[in-house]
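Just so you know, the sequence shown maps onto residues 394 to 689 in our numbering. Cβ atoms here follow ideal geometry from the backbone N, Cα and C, with glycine treated the same way.
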Amino acid sequence: MAEIIDGKKIAAELREEIRKEVAALKEKTHIAPGLAVVLVGEDPASQVYVRMKGKGCEEAGIASFQHILDPMTTENELLALIDTLNNTKDVNGILVQLPLPRHINEERVLNAIDPGKDVDGFHPVNVGKMVVGDENCFYPCTPYGCQILISRYVKDLKGKHLVIVGRSNIVGKPLANMMVQKNDRANCVVTVCHTAAPDIGYFTKQGDILVVAAGRQNVVTADMVKPGAVVIDVGVNRIPHPDDPSKTKLVGDVDFEGVSKVASAITPVPGGVGPMTITMLLQNTLKAFKIQNSLM
Ligand code: NAP
């Protein structure tokens, strides 16, 4: 049976380290890191994420500035707010909660964030730096969290075959770029699968490490996994609860029960990758604070 990778516990340990470092820096500088989170509209899932980010900041000693904007906010109004935040000294990191309403061009908004405050790691400057292996950048939070989990469970990553299912700009592609770099936290041989692959099982079966970020339940079953592989399930799918159809339940993209009989270690959903994502946002905000105040 596979060991369960406890993302909640690892995230809590990292958050405690962040909290301690923030406290020490506050004592030294008498200023605190600050994160601005911008939400446009009333999407319930986004509201939950924004609340969780605020709570995460509070627990870490990071100042949280939440800007909850009307759904009818125009693109120009949003761009004006970003310009103000770019020029506000107390704000070290800026995150615009996605998705944005349809009338706002997401790309224009993300590109307007100062790359030095882009703690989500989506600005083309940070993406470019990540691709060329310049560590003076912000890594996108979910793949960054996956990398930390992987490096805890695979001691020598050099030459390991990492297979990723999914090529989105927020998970699959950045993770592939991070894990192919020539450093101790990476140096993997990377394969990326997507819907054009005629048989993803052909690839997934070869992975010493398998990361699944497809957004579909049971995309990976036990027969598609190499015995002893480390499996990271990024997927979050809400399905009717099997015992009570009036309720829902969260499941990942991997058939957890079957795959845990084959893998050596596996993340559960919930409690795997999820808790790591906000933790890496806090980590990035602390990094931004240190860079902006010459504390690195
Ligand atoms: P996305 O933008 O929808 O991308 C999904 C990717 O998976 C696409 O590249 C798609 O291929 C590929 N794919 C889908 N079905 C496939 C199949 N049957 N075989 C092979 N490839 C397949 O999704 P995302 O934003 O990356 O998110 C993926 C999942 O992770 C979602 O469930 C999301 O909720 C979850 N997520 C969780 C967190 C967290 O913090 N826990 C953060 C981000 C995302 P094509 O490109 O060919 O369409």
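Label residue 632 either buried or exposed according to how many other C-beta atoms from any shown protein chain fall within 10 Å of its C-beta, with 16 as the threshold for buried. In summary, residue 632 is exposed, with fewer than 16 beta-carbon neighbours lying within 10 Å of its beta-carbon over all protein chains present.
Going by CA-CA distance only, name the one from 480, 554, 549 and 509 that's closest to residue 532. It is 509 whose Cα lies nearest to the Cα of residue 532.
Local conformation of residue 678 per DSSP, three classes: Of the three classes helix, strand and coil, the one that applies to residue 678 here is helix, per DSSP.
Tell me whether residue 435 sits in a helix, a strand or coil according to DSSP, three-state version. Under the three-state reduction of DSSP, residue 435 is assigned to coil, being neither helix nor strand.
Pick out the complete beta strand (DSSP E) segments inside the stretch 607 to 644, 3 residues or longer, and give them in chain order. Complete beta strand (DSSP E) runs here, min 3: 623 to 626, 630 to 633 and 641 to 644.
Just the C-alpha distance for residue 457 and residue 486, rounded to the nearest angstrom, thanks. About 10 Å.
Beta-ladder partner(s) of residue 584, from DSSP: DSSP lists 556 as partners of residue 584.
Quick check on this structure: which residue in 660, 554, 569 and 586 has the alpha carbon closest to the alpha carbon of residue 525? Distance check between residue 525 and each of 660, 554, 569 and 586 places 569 closest, using alpha-carbon atoms only.
Same chain, Cβ closer than 8 Å to residue 447, five either side skipped, listed in chain order: 430, 457 and 459.
Cut-off 6 Å between Cβ atoms - residues of its own chain near residue 627, not counting five sequence neighbours on either side: Excluding sequence positions up to five before and after residue 627, its CB lies within less than 6 Å of the CB of 564, 606 and 666, all in the same chain and listed in chain order.
Which residues in the same chain have their Cβ closer than 8 Å to the Cβ of residue 540, if we skip the five residues on either side of it in sequence? For residue 540, same chain residues with a beta-carbon under 8 Å away, outside a window of 5 residues either side, are 532, 568, 571, 572, 578 and 579 in chain order.
Taking the alpha carbon of residue 643 as the point to measure from, which residue in 623, 651 and 664 has its own alpha carbon closest? Minimum Cα distance to residue 643 is reached at 664.
Hey, is residue 631's beta-carbon within less than 8 Å of any beta-carbon in chain C? Going by chain labels, chain C is absent from the structure shown, which holds only one protein chain.
For the alpha helix (DSSP H) holding residue 377, just list the boundary residues, first then last. The question about residue 377 has no answer, for the chain in this structure spans 394 to 689.
For the beta strand (DSSP E) that residue 490 lies in, which residues bound it at each end? Segment: none, residue 490 is in no beta strand (DSSP E) and carries neither H nor E.
Give a single yes or no on whether residue 630 has its beta carbon closer than 7 Å to a heavy atom of ligand 2. Among the ligands present in this structure, namely ligand 1, ligand 2 is not found.
Is the closest heavy atom of ligand 1 to the C-beta of residue 593 under 7 Å? When distances are taken from the beta-carbon of residue 593 to the heavy atoms of ligand 1, the shortest one is below 7 Å.
Uninterrupted beta strand (DSSP E) stretches inside the stretch 504 to 565 (no shorter than 3 residues): Within the stretch 504 to 565, the complete beta strand (DSSP E) runs of at least 3 residues are 554 to 558.
State the Cα-Cα distance for the pair residue 409 and residue 592, rounded to the nearest angstrom. Each residue's Cα considered, the two are about 43 Å apart.
Per DSSP, which residues does residue 459 bridge with? Please list them. Residue 459 is bridged to 430.
Looking at the unbroken alpha helix (DSSP H) that takes in residue 475, where does it start and where does it end? Residues 468 to 479.
Candidates 492, 656 and 415, of which the one nearest residue 681 by Cα: Ranking 492, 656 and 415 by Cα distance to residue 681 puts 415 first.
Using a threshold of 7 Å, is the CB atom of residue 667 nearer than that to any non-hydrogen atom of ligand 1? It does: the Cβ of residue 667 is within 7 Å (strictly closer) of some heavy atom of ligand 1.
Element boundaries [beta strand (DSSP E), containing residue 605]: In this chain, the beta strand (DSSP E) harbouring residue 605 covers 602 to 605.
Apart from the five residues on each side of it in sequence, which residues of its chain come closer than 7 Å, Cβ to Cβ, to residue 453? Hits under 7 Å: 408, 411, 412, 415 and 675.
Please classify residue 661 as buried or exposed, where buried requires at least 16 other C-beta atoms within 10 Å of its C-beta. By the neighbour-count rule (16 or more Cβ atoms within 10 Å), residue 661 is buried.
For residue 497, which of 488, 553, 489 and 468 has the nearest alpha-carbon? Nearest option by C-alpha distance: 468.
Using 8 Å as the threshold, is the stretch 646 to 662 in touch with the stretch 602 to 618, meaning 3 or more CB pairs across them? By the Cβ test, the stretch 646 to 662 is in contact with the stretch 602 to 618, since at least three Cβ pairs between them sit closer than 8 Å.
Within 8 Å, strictly: CB atoms of residue 506 and residue 475: Taking 8 Å as the Cβ cut-off, residue 506 and residue 475 qualify as a contacting pair.
Continuous alpha helix (DSSP H) stretch holding residue 454: start and end: Unbroken run through residue 454: none, as it is neither H nor E.
Under the criterion of a Cβ to heavy atom distance below 7 Å, does residue 408 qualify as lining ligand 1? No.
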